[in-house]
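Taken in order, the sequence shown gives residues 1 to 93; the numbers are from our numbering.
Accompanying notes for the structure given below.
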Amino acid sequence: MFNKRINASLRARISLNIQGATPVFSEVEDGCVKALEDEFLYLYPPFQRRLDFFQYSKGSGQSWADFVANLEQEGARANLYEINVDDLHVSLR
């Protein structure tokens with residue numbers, strides 16, 4: 001059932017980490033969700049997400065409320081709560 005819910009190319013990329021008996025959610029061993037998270041981090045690393053946050057700007061015709069809501073979403077995706085001074089320095093260069 002899990003494989004039916006994901007894109008075929010994504011399924012192919014994570015298939016080495018997922019077998020028929022692999023649990024979807026697991027705190028003890030690597031599960032399907034962990035494989036998806038690992039693939040996401042590989043394809044869209046924290047540096048890129050932080051760069052997207054710092055480069056985000058208000059679009060013409062976009063309301064301030066929408067801009068702020070979208071900026072908050074970009075910040076959440078960028079894991080800004082984990083950022084340190086060195087990360088910030090690299091992101092702003």
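Don't be surprised by glycine CBs; every beta carbon is placed ideally from N, CA and C.
Please report how far the alpha carbon of residue i lies from the alpha carbon of residue j, in whole angstroms.
| i | j | result |
| --- | --- | --- |
| S15 | S63 | 42 angstroms |
| L71 | E37 | 22 angstroms |
| G31 | A78 | 24 angstroms |
| V85 | R11 | 37 angstroms |
| Q73 | G61 | 19 angstroms |
| I6 | H89 | 37 angstroms |
DSSP on residue i, reduced to helix/strand/coil?
| i | result |
| --- | --- |
| S60 | coil |
| N79 | coil |
| P46 | helix |
| D30 | coil |
| I18 | coil |
| A84 | The sequence shown places Asn at residue 84, not Ala. Coil at N84, not helix or strand. |
Are there 16 or more other CB atoms within 10 angstroms of the CB of residue i, so buried, or fewer, so exposed?
| i | result |
| --- | --- |
| K34 | buried |
| F40 | exposed |
| F53 | buried |
Rounded to the nearest angstrom, how far is the Cβ of residue i from that of residue j, given a contact under 8 angstroms?
| i | j | result |
| --- | --- | --- |
| R49 | I83 | Wrong, their Cβ atoms sit about 11 angstroms apart, outside the cutoff. |
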